[in-house]
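The block underneath contains the structure these notes are about, expressed in structure tokens.
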Amino acid sequence: MQYAPAWVVAEVPLRPCAGYAPGVPSEDLTVAMEHADTVDLFAGPGGLDVAARWLGRKVYGLEWDADACKTREAAGLNFKCHDVRKFGPENFPTATMLIGGPPCQTFTVAGNGAGRRALDIVLKFIIAMAAGESVQHELARLEDERTGLVLEPLRWALRAAELGRPYRTIVLEQVPAVLPVWEAMAIVLRDKLQYHVETKVLHTERYGVPQTRRRAVLIATLDGPRSIPQPTHQIFRKSGLRPTDDHHLPACKTMADALPHRTEAFVVISNYGTGGDPKARGVRESTQPSATITGKVSRNKVVSSGRTDRFSELEAGRLQSFPEDYPWRGGAVAQQIGNAVPPIFGLHVLSAALGCQVTRELAEDIFLLKWAEVQDEEKNGVPAVLTELRERVTSAREGARNDRPDPGVTYQPALLF
């Protein structure tokens, strides 16, 4: 490997945004970038952005998929439809928080497996990047170019430190198969950049999402240790057995809870097999949480009173905990929804990273909040439930360090490594 600054990245061509250009003047985008306090990498249609907006963060997303960008525009989210690798901390001088979920298709069991086969190589890349080496040519030779994108958050973190303004908070999430990558990054963040870091695989139904989904998260902060968010609901057990550590919590949220307009009981027959048998379709009742929402959710059959239909886009989004009026746009909406971070789950993780544990009652009130109320904050005022949320976060952070490094502290790779 050739030596070069840690922020040098591969010039690998990606699918362009199909000519799509957001309908926001470029000068306004520049202003939004310069004043953002949070950067969302691989921002998708807005999963983590929604959570960040609930928290009152000035978030700016980078996303290269044209369809997801159309949804973001309709939702009023700040974004640039472009390749994340063409940007860096230099473009966001006031940002103190870095969040993101790199593409998961090559790491997940629903993908083609290139990420799993390249896992050992990716871990070696992390060591090389921490030592200031360029991994440009090696990334270009990966079987699937998306695999290397999981390294982008580390590039941003290293570069921000080199600029002397490291992110105070970093939150990353991915499929469970990426946990070893997060753990390797945690070593670099902890040992080289003095972050407090936590990594763990979490179950989204334990945080009020009406869906069973497992996600590997990384929380890193310079403002003291932070805890993984405390569960607010029981874990889902299809057998009905309760684990001993959460019997005091209420049962997880169900599809019936999330979709009250479906007044009759229903059964969902998955497009996927279960128990290793592709012909044995998974079945969930409406009194249970949904199975993991994927990009093929539109193929699931919803059976009620002898009739069969499909979940609408808004219903699928709701099972991902998006607001019921979230404006899905563009093509491949099912894929957008399946790839997104559940916002309520994101709320718990981001809040924990900021030093605040969100209560079940508060999260349930936010779950019922319309997106139009969030979009119209400047005109109609902040909804009371979000005012309470933001006051709790502010109170929890009163004793934390300011969102800047101590005066006179200079971060230099030669000293760190």
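Numbers 324 to 740, taken from my numbering, label the letters of the sequence shown in order. C-beta: ideal position from N, C-alpha, C; glycine also.
Could you check whether V473 and V504 sit closer than 7 Å to each other, using their CB atoms as the reference points? Yes, they are a contact pair.
Pairwise C-alpha distance: A483 and N594: When rounded, the distance between both Cα atoms is 43 Å.
Environment of P345 [buried if 16+ CB atoms lie within 10 Å]: Low per-residue confidence applies at P345: pLDDT is 37, beneath 50, and the placement is therefore not dependable enough to give any value.
Curious, which full-length alpha helix (DSSP H) runs of at least 4 residues does the stretch 620-689 contain? Every alpha helix (DSSP H) stretch that sits fully inside the stretch 620-689 and reaches 4 residues is listed by chain position as 636-642, 656-662, 666-676.
Do L421 and V664 count as a contact pair if the criterion is CB distance below 7 Å? Contact flag unset, no.
Just reading off the beta strand (DSSP E) that D363 is part of, what are its end residues? Residues 361-364.
Start and end of the alpha helix (DSSP H) containing L371? For L371, the enclosing alpha helix (DSSP H) stretches over residues 370-377.
E721: buried (16+ other C-beta within 10 angstroms of its C-beta) or exposed? Looking at its Cβ environment, which holds fewer than 16 other Cβ atoms inside 10 Å, E721 is exposed.
Local Cβ density within 10 Å of P548, reported as buried at 16 or more and exposed below that: It is exposed - the Cβ of P548 has fewer than 16 other Cβ atoms within 10 Å.
Any non-hydrogen atom of the ligand GDP within 6 Å of R607 CB: Ligands in the displayed structure: none, and consequently the ligand GDP is not present.
State yes or no: is the C-beta of A543 within less than 7 Å of the C-beta of L502? No, these two residues do not count as a Cβ contact at 7 Å.
With H, G and I counted as helix, E and B as strand and the rest as coil, what does DSSP make of N401? Residue state, collapsed to three classes: coil.
Would you mind sorting H556 into buried or exposed? The rule is 16 or more other CB atoms within 10 Å of its CB. The residue in question, H556, is buried, as its Cβ has 16 or more Cβ neighbours within 10 Å.
Tell me, please, whether the stretch 464-472 touches the stretch 387-397 by the rule of three or more beta-carbon pairs shorter than 8 Å. The count of Cβ pairs closer than 8 Å, one atom from the stretch 464-472 and one from the stretch 387-397, stays below three, leaving the stretches out of contact.
Beta-carbon gap between A374 and P650 smaller than 7 Å: Taking 7 Å as the Cβ cut-off, A374 and P650 do not qualify as a contacting pair.
I need the straight-line Cα distance from P583 to W694, nearest angstrom please. Distance between the alpha carbons of P583 and W694 is about 18 Å.
Could you check the C-alpha separation between R529 and V494 for me, to the nearest Å? Between the alpha carbons of R529 and V494 lies a gap of roughly 19 Å.
Please report the distance separating the alpha-carbon of L442 from that of G424. One alpha carbon belongs to L442, the other to G424, and they sit about 17 Å apart.
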